[in-house]
Structures are given as structure tokens and as C-alpha cells.
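Numbering of the sequence shown is given in this note's numbering, commencing with residue 101 and proceeding in unit increments.
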Amino acid sequence: SNKLNAKIIYTSTDLVYAGYRGSYLKEDSKLVPISFYAETKLMGEVKIKSLAQNFLILRIALLFGFGLNHSKNHFMETYHKLKNNESVTLFSDQFRSPLELSEAAGIIKELIQMDARGLLNFGGCERISRYQMGLLLCEVCGFNPELVRPIKMEELNVKYPVADVSMNVDKLIELGIKPNSVKDSLSRLFKG
101 SNKLNAKIIY TSTDLVYAGY RGSYLKEDSK LVPISFYAET KLMGEVKIKS
151 LAQNFLILRI ALLFGFGLNH SKNHFMETYH KLKNNESVTL FSDQFRSPLE
201 LSEAAGIIKE LIQMDARGLL NFGGCERISR YQMGLLLCEV CGFNPELVRP
251 IKMEELNVKY PVADVSMNVD KLIELGIKPN SVKDSLSRLF KG
């Protein structure tokens, strides 16, 4: 990439953070990937930093929204179950900084156009659980909130429990990009 003067854009994950070291983690927070997926993403970050000078590494948060060609994802499965008056069970003790898919794509386009470089936490401004997101989905779409049931990770014996990988996105905001709230994003998705 250096010879071609090309930029490498690498998508990493919020899961490189330990998940038990507090909330709103900054880019320089301690990294303790606890799954193979997160470990390989961190290895990619390290390799890119050692080989390239012109790079943009995005530590991507939980993304939600409509998949391409009606592809299934957790968010859409939750939406359809609630729409069909079926109950859903969602983690109440895992916190992320979610970002809506189409907004994420637009932000990546903006970052490319402004020639952003370095390492950025790439997510929303909020610290929120999947359970809280489920309740917001009910509020926005008029679904019955009693269909959303909280569960703790320990109740399911989650192999790699990640309690809190909510991220500080101040560096993104300093670039003039302020992600929408989860509620606003849901309203845009379902109310136009």
C-alpha cells in the first residue's frame, strides 16, 4: 500500500476490548480479546500498523438494521418475532455502542472522503444492552414490551461473556460525525 500510496481500510471489532474494564472505552484502552474472532481482528490491526502508514482501522460496534437481500440477522429476527407477537429473550447485562447499518455505511463514506487516518472507535454514542434495544424497538413500532424478556449471560453459560464493550466515540465526533441515537435510528428505519 505504501508504494501505491493506497489507503488500507480495516474493519476490526469492539470485542477486542476486555469487556470488564468499564464503560465508554477509548481507543487506547487495554485490549484483551477473549474470543478467537476478536483475537484475529486484533492481530490484523497489529499487522496493518506495522506494514502500512496510510491506514484507517475502524473498531466496529454492534451493527443493526436491514440486511441486504433480506438476509437474516439477529436484529431482523427480533423485529419479526415481536411483530408476530412472539416473545424474545435478550441480554440485559451486555453493553455495546450500536450503530445502524446504513448510517455506518454513510459514515465510512464520509471518513474516506475526508481522508481520515489512524484508529477509530466506530459506533453509536450510547451504552445500551440488547434488552434495552428490544424495549426501544417495541416503543418505536408499537409492539408489546412484555414480549421482551431479559436474561443474563451466566444463565445461558455464554462461552465468551463480554459484559461491556461500549465505546467512547469522541474521536469520531471531533471529525464532525455525530451518530444518531438508537431510538432515532429505529424511528428512521420504521417511520421513514
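Just so you know, even glycine gets a beta-carbon here, dropped at the ideal spot from N, CA and C.
| Item | Value |
| --- | --- |
| Let's test the definition: count the other Cβ atoms within 10 Å of the Cβ of P279 and tell me whether it reaches 16, buried, or not, exposed. | buried |
| Going by alpha carbons, who is nearest to V262 out of Q194, E226, D270? | Q194 |
| Pairs of beta-carbons, one from the segment 180-197 and one from the segment 239-250, closer than 8 Å: are there three or more? | yes |
| Have a look at the DSSP bridge pairing and note the partners of P250. | L190 |
| Measure the C-alpha to C-alpha separation of Y110 and M253 and round it to an integer number of angstroms. | 30 Å |
| Starting from the Cα of S281, find the closest Cα among N105, K271, G224, Q213 and give me that residue. | G224 |
| Output the distance between the C-alpha atoms of E177 and E210, rounded to the nearest integer angstrom. | 30 Å |
| Comparing C-alpha positions only, which one of A216, Y231, M143, D284 sits nearest to E274? | A216 |
| Report yes if the CB atom of S129 is closer than 7 Å to the CB atom of Y117, and no otherwise. | yes |
| Quick check on this structure: which residue in E239, L151, I108 has the alpha carbon closest to the alpha carbon of K291? | E239 |
| Inspect the beta-carbon positions of Y231 and S287 and report whether they are closer than 7 Å. | no |
| Kindly indicate which three-state DSSP category G218 falls into: helix, strand or coil? | strand |
| Smallest Cα separation from N268: which of L163, R196, D284? | R196 |
| In this structure, how does DSSP classify R227 when only helix, strand and coil are distinguished? | coil |
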